[in-house]
Amino acid sequence: MPNDASPRLPSSNHAGPSSFARAGLLAYSLLIVYASWFPFTGWRDLGVSAFAYLWAPWPRYWTWFDLAINVFGYMPFGMFLVCAFYPRLRRWPAALAAIMCAILVSGTMEAVQTFMPSRVASNVDLLTNSIGAAIGAIAGVLLTPVLLEESRFLQMRERWFLPVAGRGLIVMALWPLAQIYPQEYLFGQGQMLPVLSGWLSKWFDTPMDLGELLRAGHDLSIEQYWLTETAITAASLCGALLTFLAVLRKEAPRALLTLLLLVAALLVKLLAGALSFGPENASAWLTPGAATGVAVGLLLLAGLVLTRPATQKRAAVLLLLFSMIAVNLAPTNPYFVATLQTWVQGQFLNFFGAAQFLALWWPVFALWFLLHRQMRRST
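Going by my numbering, the sequence shown opens with residue 10, and the numbers climb by one from there.
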């Protein structure tokens, strides 16, 4: 006998607005702003028009890598725009509107860079960003029947994910990307005190370390440091995976999907390590404490999945809060500092600006999702 409590798909081939696409568009727009205006310091007016870059000659120094990053960086933006416009705008009118919006956004980002000493406004960036958005918009039009209209895809989403999963899927899709930025502890996102200390040091023109002030000069022994690293990794990992489980139905292949998410995060971490520190240091983050933390986190997860969904959500909130507090209070990792000496930002500077944004704010996004009133009602 069919389960009448399960939400049904409409008989029409056209679905309603996609909360997933609109939440994704908002999140990606924030990433674009952060990546374009990072590091948000040193603003000055050189007496040049903000849009003078539009008529500037082709730059003397450029790389194919920069062009490719600009194109690929705006492709998801164009696709998100097309899907977010649906069903008010469909097919090619949606693509045209998406391209125009992307050109406006990219042009604004470049114009503001005119007032930043560490950035250079470029008409080439505007061109390549627009090309990327156009490719993404066309892809969005071609994929709309599969993603938003054909019942097979929607039925799979209904079978595997809860109705409130839209925001959560965006948050969890960002979790592997949050591993790109180098961090002192594996999965230890939300380390905001060093950033705040840097801002306050510049503001008051004197060195400040908020973490050191809170620790009151207390140092950890080798055993205590190892336990701290293990606890942070375990709590962060278990909290993140519990957040993912909160959007899955019981009928979904929960173990397989959770494993795929973890593997994706580790692969992103491995690739980012190779690009940042060189292939020989690609796995430098996999310390004994981190490896033990992964094992402990998975064991903790295995026990918590047997509890009620409401208990799992509360556990996810507590674990994420504990991880954020611990990662901000823990002393500096000397091994991580030594590894940073080999960090080659170079052409990844803009990219790592967005990655740092994710590393800082991902736990906040996850907590916002878990504590959202729709999630509380679904408990």
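Even for Gly, the Cβ is constructed at its ideal location relative to N, Cα and C. All figures in this text were calculated on a predicted structure; none of them were measured in a lab.
- prompt: Apart from the five residues on each side of it in sequence, which residues of its chain come closer than 7 Å, Cβ to Cβ, to L76?
  reply: So the qualifying residues of the chain are T137.
- request: Please classify Q164: is it buried, with 16 or more other beta-carbons within 10 angstroms of its beta-carbon, or exposed?
  value: Exposed, by the Cβ-count rule.
query: Do L251 and A324 have their C-beta atoms closer together than 8 Å?
result: Contact flag set, yes.
field: Under the three-state DSSP convention, the category L257 falls into
entry: Of the three classes helix, strand and coil, the one that applies to L257 here is strand, per DSSP.
query: Are G362 and Y83 close, meaning C-beta to C-beta below 8 Å?
result: Cβ atoms of G362 and Y83: not closer than 8 Å.
- prompt: For F170, which residues does DSSP report across the bridge?
  reply: Its beta-bridge partners are L257.
- request: Using only alpha-carbon positions, find the residue among M118, W67, S58, L35 that is nearest to W46.
  value: When each option's Cα is compared against that of W46, the closest is M118.
field: As assigned by DSSP and simplified to three states, the class of G199
entry: Here G199 carries a coil assignment [DSSP, helix/strand/coil].
- prompt: Out of curiosity, what's the CA-to-CA distance linking A364 and Q188?
  reply: Distance between the alpha carbons of A364 and Q188: 8 Å.
query: The alpha helix (DSSP H) with S115 in it runs from where to where?
result: Boundaries of the alpha helix (DSSP H) harbouring S115: 100-122, taken from the DSSP string.
- prompt: Touch check for the stretch 281-295 and the stretch 207-218: three-plus C-beta pairs under 8 Å?
  reply: The stretch 281-295 vs the stretch 207-218: no contact.
field: Cβ shell of A32 (< 8 Å), same chain only, five flanking positions each side left out
entry: Cβ neighbours of A32 beyond the five flanking positions: G175, R176, I179.
- prompt: Just checking, does the stretch 227-241 make contact with the stretch 138-156 on the three C-beta pairs under 8 Å criterion?
  reply: Segments in contact, no.
- request: Figure out for me which residue from R317, L223, G197 has the closest Cα to the Cα of L246.
  value: It is G197 whose Cα lies nearest to the Cα of L246.
Host alpha helix (DSSP H) of G302 (start-end): Run containing G302: 297-313, per the alpha helix (DSSP H) assignment.
message: Looking only at its chain, what residues have a beta carbon closer than 6 Å to the beta carbon of I112, apart from the 5 residues adjacent to it on each side?
response: Closer than 6 Å at the Cβ level, and outside the excluded window around I112, lie S139.
query: Between N132 and the rest of its own chain, which residues show a CB-CB distance below 7 Å, the 5 nearest in sequence each way excluded?
result: Excluding residues up to 5 positions away in sequence, Y62, L63, A65 lie with their Cβ nearer than 7 Å to the Cβ of N132 in the same chain.
query: Can you name, in chain order, every residue of its own chain whose Cβ lies under 7 Å from the Cβ of P126, other than the five neighbours on each side?
result: The residues are G51, R53.
message: Rounded to the nearest angstrom, what separates P11 and K259 at their Cα positions?
response: No answer about P11 holds up, because its pLDDT of 40 lies below 50 and its placement is not dependable.
- request: Give the secondary structure of I231 by DSSP, where H, G and I count as helix, E and B as strand, and everything else as coil.
  value: Looking at I231 - three-state DSSP - the assignment turns out to be helix.
- prompt: Hey, quick one: how far does the alpha helix (DSSP H) through Q321 stretch, first residue to last?
  reply: From DSSP, the alpha helix (DSSP H) with Q321 extends over 318-338.
- prompt: Out of curiosity, what's the CA-to-CA distance linking G56 and F124?
  reply: Taking the straight line from one Cα to the other gives about 9 Å.
- prompt: For A274, which three-state DSSP category applies?
  reply: A274: helix per DSSP, three-state reduction.
- prompt: Less than 8 Å separating the beta-carbons of A261 and W169?
  reply: Contact: yes.
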